[in-house]
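S.K.:
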Amino acid sequence: MSWVLHRVDDRLIHGQVLVGWGARLHPVRIWVVDDGVATSEWERTLFREAAPGIEVRVADVSEAAAEHAAEAAAPGAAFLLVRDLATARRLVQAGATVREWNLGGLHYAPGKDKLNDYVYLGPADRDDARALLALGASLIVQDVPASAATPLPALDPALTA
Amino acid sequence: MSPGPGEEPAPPRVPALIVTHADLAQSLVRAAETVVGPVEDVELLSNEDRSRDDLERAIEERVQGWSQGGLLFTDFWGGSCHTCGAAAARRHGEVVIVTGVNLPLLLDYLHNRDRMGLVELAERLQQKGRDGIRVQRGVPA
Numbered sequence: 007m008s009w010v011l012h013r014v015d016d017r018l019i020h021g022q023v024l025v026g027w028g029a030r031l032h033p034v035r036i037w038v039v040d041d042g043v044a045t046s047e048w049e050r051t052l053f054r055e056a057a058p059g060i061e062v063r064v065a066d067v068s069e070a071a072a073e074h075a076a077e078a079a080a081p082g083a084a085f086l087l088v089r090d091l092a093t094a095r096r097l098v099q100a101g102a103t104v105r106e107w108n109l110g111g112l113h114y115a116p117g118k119d120k121l122n123d124y125v126y127l128g129p130a131d132r133d134d135a136r137a138l139l140a141l142g143a144s145l146i147v148q149d150v151p152a153s154a155a156t157p158l159p160a161l162d163p164a165l166t167a
Numbered sequence: 009m010s011p012g013p014g015e016e017p018a019p020p021r022v023p024a025l026i027v028t029h030a031d032l033a034q035s036l037v038r039a040a041e042t043v044v045g046p047v048e049d050v051e052l053l054s055n056e057d058r059s060r061d062d063l064e065r066a067i068e069e070r071v072q073g074w075s076q077g078g079l080l081f082t083d084f085w086g087g088s089c090h091t092c093g094a095a096a097a098r099r100h101g102e103v104v105i106v107t108g109v110n111l112p113l114l115l116d117y118l119h120n121r122d123r124m125g126l127v128e129l130a131e132r133l134q135q136k137g138r139d140g141i142r143v144q145r146g147v148p149a
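Residue numbers (our numbering), protein chains in the order written: chain A, 7 to 167; chain B, 9 to 149.
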């Protein structure tokens, strides 16, 4: 069982994850993989308490990569959340095997191009996306289970040009 | 009205910011206005199209003028409005977050924001919000 969702979402734990995907996939653990959150005791506590009834593990990239295979064999369903494609890429390069990433929220920032209402990519994001695709991962754009799932390259021809 | 002999002066108004998904905050205030008339001094914010950083910044902008804390209402526990609010608020003194904002709770805030202190009011609103949810089973005719 274990891994049922690897998601790139700059809000990390929030409503779409807890309610939208949570009601569909019933995770018993959510891993928040983020070097910044992992170093802040206060933020660790904030996220641990954000999902009542679900165990939240906060880890930095190297710790998450080291425990990724063991978690894959653990009982119950698990989600893994990262805030950007750079973290997803680093996690895979550090040894985690992830066949599919769900792209659920990469919001507007200056210098980024709009692909849809919730995915904006800049040059660095595109480099990370290309690297993940080259490593054999699928990148699927879908904010909530009820909306359409679209492979990222179909939304962003510049990726494969 | 100035306080009479032996009366405590009224505490300053407890300010509030409502942060929700979509346009729930505006709609809640619009609904409240149909009950109590024009509502002033309540800030509104939507998380729509905002990243975590962006939402934290927007919340921070709205609470930084609060000199003695205030109330931050959000729609549900664990949502981005709540977790970003908690992050932004902790840099601005005593900002108390009340999640699960509903119309009974908001109306009670408007009635009591000029006469109660922050923490006392927050605790009262938690109870009022819960008390506002009741179940009445239909009685078949």
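By construction, the Cβ of each residue, glycine as well, lies at the ideal position given by its N, Cα and C atoms.
Which stretch, first to last residue, makes up the alpha helix (DSSP H) that contains Ile67(B)?
M.R.: Working through the second sequence from its first residue, we reach residue 67(B) at position 59. 60-71 is the span of the alpha helix (DSSP H), which, as asked, contains Ile67(B).
S.K.: Would you call the segment 20-28 of chain B and the segment 39-58 of chain B touching, i.e. three or more CB-CB distances under 8 Å?
M.R.: Touching, per the Cβ criterion.
S.K.: CB Arg60(B) to CB Asp119(A), shorter than 8 Å?
M.R.: Residue mapping note: residue 60(B) aligns to position 52 of the second sequence, counting from 1. Residue mapping note: residue 119(A) aligns to position 113 of the first sequence, counting from 1. Going by C-beta atoms, Arg60(B) is not nearer than 8 Å to Asp119(A).
S.K.: Considering only residues of the same chain and omitting the five flanking positions on each side of Thr166(A), which have a CB-CB separation below 7 Å?
M.R.: Your numbering for residue 166(A) matches position 160 in the first sequence. Within the same chain, Thr166(A) has close Cβ partners Pro159.
S.K.: Does the beta-carbon of Gly21(A) have 16 or more other beta-carbons within 10 angstroms, so that it is buried, or is it exposed?
M.R.: Along the first sequence, read from residue 1 onward, the residue named residue 21(A) stands at position 15. The residue is buried, with at least 16 neighbouring Cβ atoms inside 10 Å.
S.K.: Just the Cα atoms here: how many angstroms apart are Ala156(B) and Leu133(B)?
M.R.: The shown model of chain B, from 9 to 149, leaves out residue 156(B), and the question about it has no answer.
S.K.: List, in chain order, every chain A residue whose beta-carbon is nearer than 9 Å to that of His29(B).
M.R.: Residue mapping note: residue 29(B) aligns to position 21 of the second sequence, counting from 1. In chain order: Gly21.
S.K.: For Gly59(A), which option in Glu47(A), Val34(A), Arg50(A) has the closest C-alpha, if you only look at C-alpha atoms?
M.R.: As a working mapping, residue 59(A) is identified with position 53 in the first sequence. The option with the nearest alpha carbon to Gly59(A) is Val34(A).
S.K.: Taking C-beta pairs closer than 8 Å, name the residues in chain A that Ser88(B) reaches, listed in chain order.
M.R.: To locate residue 88(B), count along the second sequence from 1; it is residue 80. Near Ser88(B) (Cβ distances below 8 Å), the residues of chain A are Arg17, His20, Gly21.
S.K.: Which bits of chain A does Ala95(B) rub up against, with CB to CB less than 9 Å?
M.R.: As a first step, residue 95(B) must be located in the second sequence, where it is residue number 87. Result: Trp48, Glu49, Leu52.
S.K.: So that I know if they touch, is there some Cβ in chain B lying closer than 8 Å to that of Asp131(A)?
M.R.: As a working mapping, residue 131(A) is identified with position 125 in the first sequence. With 8 Å as the cut-off, Asp131(A) does not count as an interface residue toward chain B.
S.K.: For Tyr114(A), which three-state DSSP category applies?
M.R.: As a working mapping, residue 114(A) is identified with position 108 in the first sequence. The answer is coil: DSSP assigns Tyr114(A) none of H, G, I, E or B.
S.K.: On the DSSP bridge assignment, give the partners of His155(B) in chain order.
M.R.: Since the first residue of chain B shown is 9 and the last is 149, residue 155(B) is not available in this structure.
S.K.: Where do the ends of the alpha helix (DSSP H) carrying Tyr124(A) lie?
M.R.: Counting from one through the first sequence, the residue named residue 124(A) turns up at place 118. It is not in any alpha helix (DSSP H) - Tyr124(A) carries neither H nor E in the DSSP assignment.
S.K.: Am I right that Val43(A) and Arg54(A) are in contact with their C-beta atoms under 8 Å? What's the rounded C-beta distance?
M.R.: Within the first sequence, the letter at position 37 stands for residue 43(A). Within the first sequence, the letter at position 48 stands for residue 54(A). Contact flag wrong, Cβ pair sits at about 10 Å.
S.K.: Name, please, each residue of chain A whose Cβ falls closer than 8 Å to the Cβ of Asp57(B).
M.R.: Numbered from 1 along the second sequence, position 49 holds the residue referred to as residue 57(B). Result: His113, Tyr114, Asp123, Tyr124.
S.K.: Looking at the secondary structure, which residues open and close the beta strand (DSSP E) in which Val88(A) lies?
M.R.: As a first step, residue 88(A) must be located in the first sequence, where it is residue number 82. Note, Val88(A): beta strand (DSSP E), 83-88.
S.K.: Just curious, the alpha helix (DSSP H) that Arg30(A) is in, first and last residue?
M.R.: Stepping through the first sequence from its first residue, residue 30(A) is reached at position 24. Where Arg30(A) is concerned, the enclosing alpha helix (DSSP H) stretches over 28-31.
S.K.: How is Asp15(A) classed by DSSP in three states: helix, strand or coil?
M.R.: Along the first sequence, read from residue 1 onward, the residue named residue 15(A) stands at position 9. Asp15(A) falls in the strand class under three-state DSSP.
S.K.: Using the beta-carbon of each residue, which ones in chain A are nearer than 7 Å to Phe81(B)?
M.R.: On the second sequence, residue 81(B) is found 73 positions in, with the first residue counted as 1. Those within 7 Å of Phe81(B) in chain A number zero; the least Cβ separation is about 15 Å.
S.K.: I need the straight-line Cα distance from Val169(A) to Pro20(B), nearest angstrom please.
M.R.: Given that chain A is displayed from residue 7 to residue 167, the structure contains no residue 169(A) and the question cannot be resolved.
S.K.: DSSP three-state call for Glu77(A): helix, strand or coil?
M.R.: Translated into the one-based positions of the first sequence, residue 77(A) becomes position 71. Of the three classes helix, strand and coil, the one that applies to Glu77(A) here is helix, per DSSP.
S.K.: Are the C-beta atoms of Arg60(B) and some chain A residue less than 8 Å apart?
M.R.: In the second sequence, residue 60(B) corresponds to position 52, counting from 1. Answer yes: the Cβ-Cβ gap between Arg60(B) and chain A drops below 8 Å somewhere.
S.K.: Which residues of chain A have a Cβ atom closer than 7 Å to the Cβ of Thr107(B), listed in chain order?
M.R.: One-based indexing of the second sequence puts residue 107(B) at position 99. By Cβ distance, chain A contributes nothing, its closest Cβ being about 11 Å from Thr107(B), past 7 Å.
S.K.: Please report the distance separating the alpha-carbon of Ser88(B) from that of Val37(B).
M.R.: The count along the second sequence starts at 1 and reaches residue 88(B) at position 80. The count along the second sequence starts at 1 and reaches residue 37(B) at position 29. Their backbone Cα atoms lie some 20 Å apart in a straight line.
S.K.: Roughly how many angstroms separate the alpha carbons of Leu109(A) and Leu11(A), rounded to a whole number?
M.R.: Taking the first residue of the first sequence as 1, we reach residue 109(A) at position 103. Taking the first residue of the first sequence as 1, we reach residue 11(A) at position 5. Between Leu109(A) and Leu11(A), the C-alpha separation is close to 10 Å.
S.K.: Shortest alpha-carbon distance to Thr107(B) belongs to which of Ala24(B), Pro17(B), Arg123(B)?
M.R.: Position 99 of the second sequence, counted from the start, is the residue given in the question as residue 107(B). When only C-alpha atoms are compared, the closest one is Ala24(B).
S.K.: Would Ala154(A) count as contacting chain B if we go by Cβ distances under 8 Å?
M.R.: For the purposes of this step, residue 154(A) is taken as the residue at position 148 of the first sequence. Chain B contact via Cβ: absent.
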